[in-house]
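With the first letter of the sequence shown counted as 1, position 137 gets the number 1303 in this note's numbering; the numbers rise by one all the way through.
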Amino acid sequence: MRRLCGLAAAILSLGLLSGCGPKDVGDVSLGVFTLKDIKINSFVDPKVPGVTCHISSIEANLSFSDPSNNSVSCRQSGPITASMIAAIDKSKSGEVLFERSKSIFLKTLKIRRIYDEQSQTLLYLAYTTKETSGSYHHSLSAVPLWGTGAYVARPESPAQNP
């Protein structure tokens, strides 16, 4: 009986942990004669749970490398509060929220959150860490804080008379 309870607890905790990471929400084949698919993942920003991002990237099954093409789209999907924004990394390089290996040759897809304080906007940058054909492919999505509980109204500067 004790073993059964331990097994049940382990299964339950695995189920709970599976909800913490990115979720596969789409898989589109690029054709019968190719081993490449477009994978779409969804994840919620861990420090700003009012933002959900969707990432699309090429996955080459049974291949030594995946193309670096990717795209990210992030939208407000719930409340965003001032305390959430206070808890994020506000450095110019931001913070990595998502990583996925794209090949055995040290290529990684990353999603990084950067805060643009001037425009009060969260920026989500998707990029790969290995150069492909002389170019680093990347994609950018922006989530403005306007209209959220995190937006800070700034006093308007007095109008200048001509």
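In this text, a Cβ means the ideal position worked out from N, Cα and C, and glycines have one as well.
Worksheet item: Whose C-alpha, out of LEU1306, GLN1286, ILE1280, GLN1284, is nearest the C-alpha of ALA1292?
Response: Nearest option by C-alpha distance: LEU1306.
Worksheet item: DSSP state of TRP1312, grouped into three classes?
Response: Coil, per DSSP.
Discussion item. Looking at the strands, I want to know which residues DSSP matches up with VAL1194.
Written reply: ILE1204.
Practice prompt. May I ask which residues mark the beginning and end of the alpha helix (DSSP H) holding ALA1292?
Written response: For ALA1292, no alpha helix (DSSP H) run applies; the uninterrupted beta strand (DSSP E) run containing it begins and ends at 1287 to 1294, by DSSP.
Discussion item. Please state the DSSP three-state secondary structure of SER1307.
Written reply: Strand.
Fill in: Beta-carbon contacts of ALA1253 that lie in its chain and below 6 angstroms, excluding the five residues immediately before and after
Answer for ALA1253: LYS1213, listed in chain order.
Worksheet item: Which value, in whole angstroms, describes the spacing of the CA atoms of SER1267 and ARG1279?
Response: Taking the straight line from one Cα to the other gives about 19 angstroms.
Worksheet item: Would you call SER1223 buried or exposed, if buried means 16 or more other Cβ atoms sit within 10 Å of its Cβ?
Response: SER1223 comes out buried.
Worksheet item: So, helix, strand or coil for SER1257, using DSSP?
Response: The answer is coil: DSSP assigns SER1257 none of H, G, I, E or B.
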